Amino acid sequence: MDTQSSSTLVWRKSGRSGTQGSACVEIAAFGPAIAARDSKDLDGPFLYLTVPAWKVLLADVKSGRLDL
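Note that full-length UniProt numbering numbers the sequence shown so that position 35 is 35, with each residue one more than the last.
What follows is the structure, given as C-alpha cells:
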C-alpha cells in the first residue's frame, strides 16, 4: 500500500454537494486505487479502495442497496 498521507492527495467532491457541504464524501487518486474520506474530518482516516472495489461500491450506492 502507498504510504502517501491524506494531506498530500488532491481531494475532490461532487459538484452536486453544494456549498453547505454538511455530508459529503471526497475522493482522490491514490496510486493505482481510490481514496475516500468524510469532508467534515479532513485529518481523519480515509478508505483505500481498489478500482474494482470502487466500481462495486458505486454500483451498490446507485442501486439503493446501501440506503439507510
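Glycine included, each C-beta is placed from N, C-alpha and C at the ideal position.
Computed from a predicted structure; not experimentally measured.
Below 8 Å on the Cβ atoms is my guess for residue i versus residue j; work out the distance and round it to an integer in Å.
| i | j | result |
| --- | --- | --- |
| residue 33 | residue 51 | 6 Å |
Based on Cα-Cα distance, which residue from the options lies nearest to residue i?
| i | options | result |
| --- | --- | --- |
| residue 53 | 41, 40 and 36 | 36 |
| residue 40 | 48, 49, 17 and 56 | 17 |
| residue 25 | 59, 67, 46 and 55 | 46 |
| residue 31 | 66, 14 and 10 | 10 |
Indicate the three-state DSSP secondary structure (helix, strand or coil) for residue i in the structure shown.
| i | result |
| --- | --- |
| residue 38 | strand |
| residue 25 | strand |
Find out if the Cβ-Cβ distance for the pair residue i, residue j is shorter than 8 Å.
| i | j | result |
| --- | --- | --- |
| residue 49 | residue 42 | no |
Hey, is residue i close to the ligand SAM, as in C-beta under 7 Å from one of its heavy atoms?
| i | result |
| --- | --- |
| residue 54 | As far as ligands go, the structure on display features none, and thus does not contain the ligand SAM. |
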